[in-house]
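Working notes, beginning with the structure itself.
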Amino acid sequence: MILDVKDLRVSFSIHGRKLQAVRGISFSIAAGEAVGIVGESGCGKSAAVQALLRLTPADSIEGEALFNGTDLLTKSEKELRQIRGRDIGMVFQDPLSSLNPTMKIGEQIAEGLIHHQIAARKEALKKSAELLHLVGVPEPELRLLQYPYELSGGLRQRVLIAMALACRPRLLIADEPTTALDVTISAQILDLLTSMRRHFQTSLLLITHDLGVVSTVCDRVLVMYAGKIVEEGPVEQVLIHPKHPYTQMLLQAMPRLDRPKSERLIPIEGAPPSLLSPPKGCPFAPRCPKAFAKCLEEPPMVNSVACWRAHD
């Protein structure tokens, strides 16, 4: 396994109270594998992956994250700077706020190559143009001299992908990479991520709220709810034969082309629980139409699902 996460917990202090954003998740990613984490906004997806790269305060993180056998969570900041960008690449959610508005595109892509001593400045700029061409940016030599505000949202996202892949990382993390893009551009970015993963032979950890995106890009999927993983497994298995009521209801709420136009979507009633005071037992129980008395106890993860009904 290239990444093996065990009992990861992330919490933040808000007005003197503890918000438990991630509540003990465990998962792994094999070399060359694409894994998706899916769930509603606020379920802890982004908090979990940012913790892996220690982009959140170290004292807010507990657990173990073994990358190539060494624990990322025990590394010093100096050691992490050698891993970020070189061994693990990150594509953030908003390309405009993720790029430095005062630096030209070429300088931003070349920065990682120079920092990790992969190339000197002149060679790094040449490699930057090659990367832009590889990710489908037209006129790459011209784009090197432009600033982020001069590019469209789709081109900025391609620039972020080029930056993340510059040092040929073993793991690429993409956090909601299509959120701010229209449907056509989103499809192009997803195709690009898939082709780049194969081209660079890198593993992919994709964060999204869209099961359709997961079905397009990923081999396995982890379904998160209220800071916990409630179901996991191969994409086809989870999407065709979902076991957890939350996964089933997510699929019912998603529009599909193979359904009649007259068929209505079924929303999930209620709202996720506050993670300032997480509920005891199954966190989905208050919204679950299949809940029964046993759900007041926390269900263990058995056969890739945390649900008493599924266990029965």
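Under our numbering, the first residue of the sequence shown carries the number 1, and numbering increases by one thereafter. Note that CB positions come from ideal geometry on N, CA and C, so glycine has one too.
Which residues DSSP lists as bridging residue i, in chain order
{"i": "Arg70", "result": "Residue identity check: residue 70 is Thr in the sequence provided, not Arg. Answer is Phe67."}
{"i": "Met90", "result": "Ile173"}
{"i": "Thr208", "result": "Val38"}
{"i": "Leu265", "result": "Bridge partners of Leu265: none, in fact."}
{"i": "Val305", "result": "Glu231 and Val302"}
{"i": "Glu150", "result": "Partner(s): none; Glu150 has no beta bridge."}
{"i": "Arg84", "result": "Ile88"}
{"i": "Ile61", "result": "Val10"}
{"i": "Ser203", "result": "Leu171"}
For residue i, the nearest candidate out of the options (CA to CA)
{"i": "Ala310", "options": "Val230, Gln82 and Ile207", "result": "Val230"}
{"i": "Cys282", "options": "Gly233, Glu263 and Met224", "result": "Met224"}
{"i": "Ala174", "options": "Ala47, Ile114 and Leu265", "result": "Ala47"}
{"i": "Cys43", "options": "Pro299, Val302 and Pro278", "result": "Pro278"}
{"i": "Ser195", "options": "Arg158, Pro260 and His116", "result": "Arg158"}
{"i": "Glu62", "options": "Ile88, Gln93, Ala34 and Gly24", "result": "Gly24"}
{"i": "Gly227", "options": "Arg256, Thr216, Pro273 and Leu165", "result": "Pro273"}
{"i": "Ser11", "options": "Ala58, Ile2, Ser26 and Ala30", "result": "Ala58"}
{"i": "Leu314", "options": "Leu132, Pro169 and Leu165", "result": "Residue 314 is absent from the model: the chain starts at 1 and stops at 312."}
{"i": "Lys290", "options": "Pro300, Phe200, Arg170 and Ile268", "result": "Ile268"}
{"i": "His244", "options": "Arg264, Leu275, Cys295 and Lys280", "result": "Cys295"}
{"i": "Arg198", "options": "Leu134, Ala285, Pro138 and Val183", "result": "Leu134"}
{"i": "Leu3", "options": "Arg9, Ile29, Leu19 and Gly16", "result": "Ile29"}
{"i": "Gly89", "options": "Gly270, Ser215 and Cys167", "result": "Cys167"}
{"i": "Ser13", "options": "Val91, Lys45, Lys280 and Leu275", "result": "Leu275"}
{"i": "Gly112", "options": "Pro177, Phe200, Arg84 and Arg9", "result": "Arg84"}
{"i": "Val91", "options": "Leu172, Lys45, Ser60 and Lys18", "result": "Leu172"}
{"i": "Pro234", "options": "Ser304, Ser97 and Cys288", "result": "Ser304"}
{"i": "Arg86", "options": "Thr70, His116 and Asn100", "result": "His116"}
{"i": "Val137", "options": "Lys122, Asp7, Arg156 and Ala119", "result": "Arg156"}
{"i": "Ala65", "options": "Val5, Glu33 and Leu80", "result": "Val5"}
{"i": "Phe284", "options": "Pro300, Cys307 and Ile266", "result": "Cys307"}
Segment limits, beta strand (DSSP E) that includes residue i
{"i": "Glu232", "result": "Lys228 to Pro234"}
{"i": "Tyr317", "result": "Lying before the first or after the last residue shown, residue 317 is absent from the chain, which here runs from 1 to 312."}
{"i": "Gln20", "result": "Arg17 to Ile29"}
{"i": "Phe12", "result": "Leu3 to Ile14"}
Exposure of residue i, with buried meaning 16 or more beta-carbon neighbours within 10 Å
{"i": "Tyr246", "result": "buried"}
{"i": "Gly50", "result": "The question names Gly, yet the displayed sequence has Gln at residue 50. Buried is the call here."}
{"i": "Thr102", "result": "exposed"}
{"i": "Ser262", "result": "exposed"}
{"i": "Ser203", "result": "buried"}
{"i": "Ser186", "result": "buried"}
{"i": "Leu142", "result": "exposed"}
{"i": "Gln20", "result": "buried"}
{"i": "Arg54", "result": "buried"}
{"i": "Glu176", "result": "buried"}
{"i": "Gly328", "result": "Nothing can be reported for residue 328: it is not among the residues displayed for the chain, which extend from 1 to 312."}
{"i": "Lys18", "result": "exposed"}
Residue range of the alpha helix (DSSP H) that includes residue i
{"i": "Tyr246", "result": "Pro245 to Gln252"}
{"i": "Thr184", "result": "Val183 to Phe200"}
{"i": "Pro95", "result": "Pro95 to Ser98"}
{"i": "Gln50", "result": "Lys45 to Leu52"}
{"i": "Ser128", "result": "Arg121 to Leu134"}
{"i": "His115", "result": "Ile105 to His115"}
{"i": "Arg256", "result": "Taken as a continuous stretch (DSSP letters only), Arg256 belongs to no alpha helix (DSSP H), as it is neither H nor E."}
{"i": "Glu141", "result": "Pro140 to Arg143"}
Cβ contact (3+ pairs, closer than 8 Å) linking the stretch 235-244 and the stretch 210-221: yes
contact_flag[the stretch 69-78, the stretch 120-133] where n(CB pairs < 8 Å) is 3 or more: no
Touching by the beta-carbon criterion (3+ pairs, under 8 Å), the stretch 104-119 and the stretch 139-152: yes
Any 3 or more C-beta pairs closer than 8 Å across the stretch 176-193 and the stretch 151-166: yes
contact_flag[the stretch 23-41, the stretch 197-211] where n(CB pairs < 8 Å) is 3 or more: yes
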